[in-house]
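With mature numbering (1 follows the signal peptide of the UniProt record, and there is no 0) applied, the sequence shown covers -17 to -1, 1 to 227. Beta carbons are placed, not taken as given, at the ideal position from N, Cα and C, and that holds for glycine. What follows is a single structure, written as structure tokens, with notes after it.
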Amino acid sequence: MRVTLAVTAWMVSLVSSYSSPADTLPDIKNEDFIKECVRMHNKFRSEVQPTASDMLYMTWDPGLAQIAKSWARNCQFSHNTRLKPPHKLHPNFTSLGENIWTGSLSLFSVSSAVTAWYNESKFYDFKTRKCSKVCGHYTQVVWADSYKVGCAVQFCLKVSGFEGLSNGAHFICNYGPAKPGREVVLLPVMQIRQLRPHRGEQLPWARTGDVSWTATWLAAPTSGLMLTQALILLQNLDCSLYFL
């Protein structure tokens, strides 16, 4: 009798301690996940070179996160086709941007995914004003007028369109408003200014020491400030998928 009870207790303990791979990934309401998504985007937006003169501070949008979650559940390595029609998925934006990172579950973290997008900056040549390789993720991350972000990550046994991947993490971030559907030319000029909130936005609820956010960026520019980031549209080079 004692042996039976001991075995039963061991089996119950084993079952209760088991967790599926999906349980290791955060939900869109997870505070740490939200803060990390916002922190990493604003970190790189504040570090863009040449320094931006009028870069908006990015904050979390639950609606964008829900859109990302709904699409990520499809485990499909392609962009959400419903993002294009104005106001179809989000009442506040006529256009929504999207970045996708798909890779092995063991390789995923918010930090590594957003860093991978930002690292496409090395493919942008300020002299030729062109990208030598894909850099659409980078330009979306640092697009000055985008001020809302919402992200989600989904565990996928398989990802349609991504052959050879199993037990993957499918990470999607949506942005409002989107950068134009063309690549961006960033021209270095002179004036420097820090991140500022979008009109009507409140002070950021999370600040980190590795980003130089101070109250000074709350003041809108008065006059005579030159933009350090001139945005010029090029031919359509929109390639927005990243994979490891």
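Here DSSP, grouped into helix, strand and coil, assigns Asp15 to helix. Across the set Lys12, Val31, Phe154, the C-alpha of Phe154 shows the shortest separation from the C-alpha of Ser94. Cβ-Cβ distances below 6 Å link Val125 to Arg28, Val31 in the same chain, with the five nearest sequence neighbours on each side left out; the list follows chain order. The stretch 113 to 121 makes no contact with the stretch 33 to 40; the number of CB pairs closer than 8 Å stays below 3.
By the criterion of at least three beta-carbon pairs nearer than 8 Å, the stretch 17 to 27 is in contact with the stretch 131 to 143. Within 10 angstroms of the beta-carbon of Glu103 lie 16 or more other beta-carbons, which makes it buried.
Using a C-beta cut-off of 8 Å, the stretch 135 to 150 makes contact with the stretch 53 to 63, since at least three inter-stretch Cβ pairs fall below that distance. Per the coordinates, the alpha-carbon of Lys141 lies some 5 Å from the alpha-carbon of Ser149. When only Cα atoms are considered, Leu88 and Cys20 end up about 17 Å apart. At a Cβ-Cβ threshold of 8 Å, Ala152 and Val136 count as neighbours.
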